[in-house]
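Chains as they are written, first to last, in my numbering: chain F, 4 to 214; chain H, 4 to 214. Reviewing the structure listed below.
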């Protein structure tokens, strides 16, 4: 995409450059989400602030959920990824989680985005509110039937604690050896925890095997 | 302790009020640790900045390590607590961790301090550096013989990820139900993870039981 197109300086006259429009929508979404939170931010309000037709948001991003994922910089949409890894054989869930996580830790743009989100969550109450509202609405509903017994929100809360803690320790504090070890080794160390939070027993006394 | 004593306005003339001296040492320690990091900050430099005799630091705090714990606001000294909980029967380690953690989550001044530390770590590189230097030096050496096989630093790194992630999720983002559940229930959910990081198998394929 050329800079001219980014600035919307193309010759078609139909609408500004795609990249410029997309960026304007993302910037408006970030402001509206920070001001109103996920629940009260509307696609109509975001379109108005960006000065575009609301249908363009659907064209570029699809749903409000997908716009949220793009605006916050989440490297993956958890509502898309978690059902996929949960739908295989539970006996191999740990390996599937480890493989996906190792891939994410190996991609600088993915872990940079996660690090930025964790920093923002820890310091900007509006971002924390946004995240707190987003996950129950859209992740829980799509994932709940595939999780182990008990409160699906708690399972996803706990899953989140381990991801956030890993990002803080590996990328923000950069403790050794965790900061320098291979993505695969770091992923292997936390994958059993993540698998337990999704489908395993949640308390020491809960002996039943994962479904 | 009265305000007069805090300001060091006592009548004895021998030295300022104990609380004033203690606070002056803590403030100097925080500045010196932030500027020089844990390794290079010296008790002599801290004493000089606080304007007190270096022996007073030993009197109030004991070692440099204990001064660090007090200055950063860690609610517990991990080099003291971890050996204690690790020295009992490994079969009950999860329960001992859960009990200790539940107690910490139940004390507002303990989780407020942890939350302040996690926020500072996520936003102030000097605090992150301080923590990164402190744990290998003083926690690892006292705890390593009691941990499971493999790199003891990695085990403590992983232990830290789960504590930090829990603090972010429960107190900073305040995700539900984790934020509102009882300290005991929250502690029970993460205690098996913490026990595994200390003594259990670290990778999915590592089948040997904890020692």
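We put the beta carbon where it would ideally sit given N, CA and C, even for glycine.
Would you check if there are 3 or more beta carbon pairs closer than 8 Å linking the segment 103–119 of chain H to the segment 48–66 of chain H?
-> no
Hey, is residue 206 of chain F's beta-carbon within less than 9 Å of any beta-carbon in chain H?
-> yes
Going by alpha carbons, who is nearest to residue 243 of chain H out of H/34, H/62, H/68, H/113?
-> Because chain H spans 4 through 214 in this model, residue 243 of chain H falls outside it and cannot be assessed.
Considering only C-alpha positions, which residue in the set H/34, H/115, H/153, H/42 is nearest to residue 170 of chain H?
-> H/115
Buried or exposed: which applies to residue 17 of chain H, given that a residue is buried once 16 or more other Cβ atoms fall within 10 Å of its Cβ?
-> For residue 17 of chain H, the pLDDT reaches just 45, beneath the cut-off of 50, and the residue's location in the model is therefore unreliable, although a value from the coordinates is still provided. The residue in question, residue 17 of chain H, is exposed, as its Cβ has fewer than 16 Cβ neighbours within 10 Å.
Could you work out which residue in H/151, H/71, H/192 is closest to residue 43 of chain H when comparing CA atoms only?
-> Nearest in C-alpha terms to residue 43 of chain H, of all of H/151, H/71, H/192, is H/71.
Using a Cβ-Cβ cut-off of less than 8 Å, give me the residues of the segment 143–157 of chain H that come near chain F, in sequence order.
-> 154, 156, 157
Report yes or no: do three or more beta-carbon pairs, one from the segment 181–195 of chain H and one from the segment 144–159 of chain H, lie closer than 8 Å?
-> no
Counting Cβ pairs, one atom from each stretch, are 3 or more of them under 8 Å apart for the segment 116–131 of chain H and the segment 31–42 of chain H?
-> yes
Apart from the five residues just before and just after residue 174 of chain F, which ones in its own chain have a Cβ nearer than 7 Å to its Cβ?
-> Once the five neighbours on either side are set aside, the close Cβ partners of residue 174 of chain F are 114, 118.
Closest to residue 152 of chain F by CA distance: which of F/164, F/204, F/123 is it?
-> F/204
Span separating the alpha-carbon of residue 29 of chain F from that of residue 64 of chain H | 52 Å
Test: residue 56 of chain F CB closer than 9 Å to a CB of chain H = no
So which residues on chain C does residue 140 of chain F lean against when the C-beta distance must stay under 7 Å?
-> Looking for chain C here will not work: the only protein chains present are F and H.
Selected residue, minimal CA-CA separation from residue 101 of chain H, among H/111, H/188, H/201 = The shortest C-alpha to C-alpha distance from residue 101 of chain H to any of H/111, H/188, H/201 is the one to H/188.
Is there a Cβ from chain H that is less than 9 Å from the Cβ of residue 75 of chain F?
-> no
Since residue 2 of chain F meets chain H, which of its residues come closer than 9 Å, beta carbon to beta carbon?
-> With chain F represented from 4 up to 214, any question about residue 2 of chain F goes unanswered, as that position is not in the structure.
Mind checking the segment 98–127 of chain H against chain F and listing, in chain order, the residues whose C-beta falls within less than 8 Å of any C-beta there?
-> Listed in sequence order: 98, 101, 121, 122, 124, 125, 126.
Could you please give the first and the last residue of the uninterrupted alpha helix (DSSP H) stretch that includes residue 132 of chain F?
-> 128–137
Listing by chain order, which chain F residues have their CB less than 7 Å from the CB of residue 36 of chain H?
-> Ordered by position in chain F, no residue passes the 7 Å Cβ test against residue 36 of chain H, which lies about 15 Å from the chain.
C-beta neighbour in chain F for residue 176 of chain H, strict 9 Å = So, interface residue.
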